[in-house]
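A.B. asks: Structure in structure tokens, see below.
Number of protein chains: 2
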Amino acid sequence: MNKRRYDSEKAKVEIMEHAVSLFSQKGYNQTSVGDISTASGYSKGHIYYHFENKEKLFVLLAQQTMQDWHNKWLQKECIYFTAAEKLYGMAMHVLYHYQTPLLRSGQELASNPKSSPESVEQLYNLAVIPMGAYRAILQEGMDRGEFVNGNIDEWTVLLGTWLGGLCQLTNTQELKALESLFNQAVTIFLRELKKVGYK
Amino acid sequence: MNKRRYDSEKAKVEIMEHAVSLFSQKGYNQTSVGDISTASGYSKGHIYYHFENKEKLFVLLAQQTMQDWHNKWLQKECIYFTAAEKLYGMAMHVLYHYQTPLLRSGQELASNPKSSPESVEQLYNLAVIPMGAYRAILQEGMDRGEFVNGNIDEWTVLLGTWLGGLCQLTNTQELKALESLFNQAVTIFLRELKKVGYK
DNA sequence: ATAAGATTTGAACGGTCGTTCTAATTGTAT
DNA sequence: ATACAATTAGAACGACCGTTCAAATCTTAT
Chain B
134 MNKRRYDSEK AKVEIMEHAV SLFSQKGYNQ TSVGDISTAS GYSKGHIYYH
184 FENKEKLFVL LAQQTMQDWH NKWLQKECIY FTAAEKLYGM AMHVLYHYQT
234 PLLRSGQELA SNPKSSPESV EQLYNLAVIP MGAYRAILQE GMDRGEFVNG
284 NIDEWTVLLG TWLGGLCQLT NTQELKALES LFNQAVTIFL RELKKVGYK
Chain U
134 MNKRRYDSEK AKVEIMEHAV SLFSQKGYNQ TSVGDISTAS GYSKGHIYYH
184 FENKEKLFVL LAQQTMQDWH NKWLQKECIY FTAAEKLYGM AMHVLYHYQT
234 PLLRSGQELA SNPKSSPESV EQLYNLAVIP MGAYRAILQE GMDRGEFVNG
284 NIDEWTVLLG TWLGGLCQLT NTQELKALES LFNQAVTIFL RELKKVGYK
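Order-wise, the sequence lines are chains B and U.
Take 134 as the starting number for the first sequence in my numbering and just add one per residue.
Take 134 as the starting number for the second sequence in my numbering and just add one per residue.
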């Protein structure tokens, strides 16, 4: 509104942005609250004014990031007609927008016995979001006869793990160079989904 | 030989065994030298008598584990005749003997800017071992006409990432329950490798 | 028996980190 | 102008961790 020297909400957002960046780059344990303080320009005390503790901050960021990813997909999904097209589109959406490094930090937190069980559960629950998105595409393909009928849960997991595995490559390679690999995976997977002439 | 109260080699082995277990369970950063000391029953100082530091100890364990895995595979490989059989066998070998949790700890170490570049490089070099094993099978299959010719590097990466992705499931599910999933992945992959009637 | 070397311990140090607390500063309503 | 609440800073703490070191204990060769 008016020019106020204090804008707590802006500070909060800035802290969160820098925290995401740091957690992604350095992992959960190696990112200290001091690091976030230095990067964002706000004091450590101020971070605790906005967030209960480091763990809760991270879980919030992970949830928000995953929701963002899913919302972006729902927005983009309608530009594709067939389920097969959606699979290729999803592969690119995963490649370019899935925040692999951040979610790997989540595994760090989850594997720490000192982490609160609630946080761990909340992080594990995040995995159902992409799986649900994959499953929806497969279901749609089966419903409209584009894909043969099969064990949809099994297919969902197979597709999810493959895309997840491919995502690990984003640590060491350029995204652009990985496009053909992601597409190739979808192509191979589609050959199974569209399998005809067998029974 | 004779009953000696001190057996340094035995102590070293015991320390390493407990360290592997702890690194696998809790990750690299969350496993302290004190933890290893308590679990193994030897003092912290004694650990430093055998190993230069925590980082070097971990790299050694990771290398040894990976070598073990590969050696076990080479031993087992000869019981399979066709390349396709080897792929199924490899999938089971990965499921039951690939030490996923330990290698994830390696990512923790590698993503820490304070880790020595040598250690990071040594850990990254470990990834070539399974990839080489996958590639050898694919090459053999193509050589003997079992698989169609194709981009072997691409196929190797696709197979490796898929198995790697599936391995993540070992954190939350029973190994036995994952067998069919691993087999299904190989089946789908084989359909591409054996593709006939297309061109 | 003794000396020299190998093995093992446990205390101690320096550093880092998550968190808390108090005080200072700023905004807003009176 | 004053009071009160919101915001921010920074010092301080208690805990933990990787590492070092000097001393104690044990083995082996003489």
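For each residue, glycine too, the CB sits at the ideal point set by N, CA and C.
Going by the CB atoms, is the gap between Gly298 of chain B and Thr198 of chain U shorter than 7 Å?
C.D. replies: no
A.B. asks: Shorter than 7 Å from the beta carbon of Arg324 of chain B to some beta carbon of chain U?
C.D. replies: So, interface residue.
A.B. asks: Taking Cβ positions, are Leu358 of chain U and Leu228 of chain U nearer each other than 7 Å?
C.D. replies: This structure cannot settle anything about residue 358 of chain U, because the visible part of chain U is limited to 134 through 332.
A.B. asks: Which residues in the same chain have their Cβ closer than 7 Å to the Cβ of Val319 of chain U, if we skip the five residues on either side of it in sequence?
C.D. replies: Leu220, Tyr221, Ala224
A.B. asks: Does any residue of chain B have a CB that is nearer than 7 Å to the CB of Tyr331 of chain U?
C.D. replies: Caution is warranted here: a pLDDT of 46 is assigned to Tyr331 of chain U, below 50, making its placement in the model unreliable, and no coordinate value can be reported.
A.B. asks: Using C-beta distances below 6 Å, list every residue in its chain close to Thr303 of chain U, excluding the 5 sequence neighbours before and after it, in chain order.
C.D. replies: Thr233
A.B. asks: Under 7 Å Cβ-Cβ, which residues of chain U neighbour Ala318 of chain B?
C.D. replies: Leu291
A.B. asks: Using a Cβ-Cβ cutoff of less than 7 Å, which residues in the same chain neighbour His230 of chain B once the five nearest sequence positions on both sides are dropped?
C.D. replies: Trp202, Lys205
A.B. asks: Tell me which same chain residues have a C-beta within less than 7 Å of the C-beta of Gln272 of chain U, skipping the five on either side of it?
C.D. replies: Ile285
A.B. asks: Just curious, the alpha helix (DSSP H) that Lys328 of chain B is in, first and last residue?
C.D. replies: Premise fails: Lys328 of chain B is in no alpha helix (DSSP H) and is neither H nor E.
A.B. asks: Is Trp202 of chain B close to chain U, meaning its C-beta is less than 7 Å from at least one C-beta of that chain?
C.D. replies: no
A.B. asks: Give a yes or no on whether 7 Å exceeds the smallest Cβ distance from Gln255 of chain B to chain U.
C.D. replies: no
A.B. asks: Within its chain, find whatever has a CB closer than 7 Å to the CB of Leu236 of chain U; leave out the 5 residues flanking it on each side and keep chain order.
C.D. replies: Ala195
A.B. asks: Could you give the C-beta distance for Glu287 of chain B and Leu314 of chain U, rounded to a whole number, given that I count them as a contact under 8 Å?
C.D. replies: 7 Å
A.B. asks: Could you name each continuous alpha helix (DSSP H) segment of 4 residues or more that falls completely within the stretch 223–254 of chain B, going from the start of the chain to the end?
C.D. replies: 233–243
A.B. asks: How long is the line joining the alpha carbons of Val290 of chain U and Lys328 of chain U, rounded to whole angstroms?
C.D. replies: 19 Å
A.B. asks: Taking the alpha helix (DSSP H) that Gly167 of chain B falls in, what are its first and last residues?
C.D. replies: Unbroken alpha helix (DSSP H) run through Gly167 of chain B: 166–173.
A.B. asks: Exposed or buried, Leu190 of chain B, counting other C-beta atoms within 10 Å across all chains shown (16 or more means buried)?
C.D. replies: Classified as buried, Leu190 of chain B has 16 or more neighbouring CB atoms from the shown chains inside 10 Å of its CB.
A.B. asks: With a threshold of 7 Å between beta carbons, is Gln306 of chain B in contact with chain U?
C.D. replies: no
A.B. asks: First and last residue of the alpha helix (DSSP H) that includes Gly283 of chain U?
C.D. replies: Taken as a continuous stretch (DSSP letters only), Gly283 of chain U belongs to no alpha helix (DSSP H), as it is neither H nor E.
A.B. asks: At which residues does the alpha helix (DSSP H) containing Gln197 of chain B begin and terminate?
C.D. replies: Where Gln197 of chain B is concerned, the enclosing alpha helix (DSSP H) starts and stops at 187–210.
A.B. asks: Can a CB atom of chain U be found closer than 7 Å to the CB of Leu299 of chain B?
C.D. replies: yes
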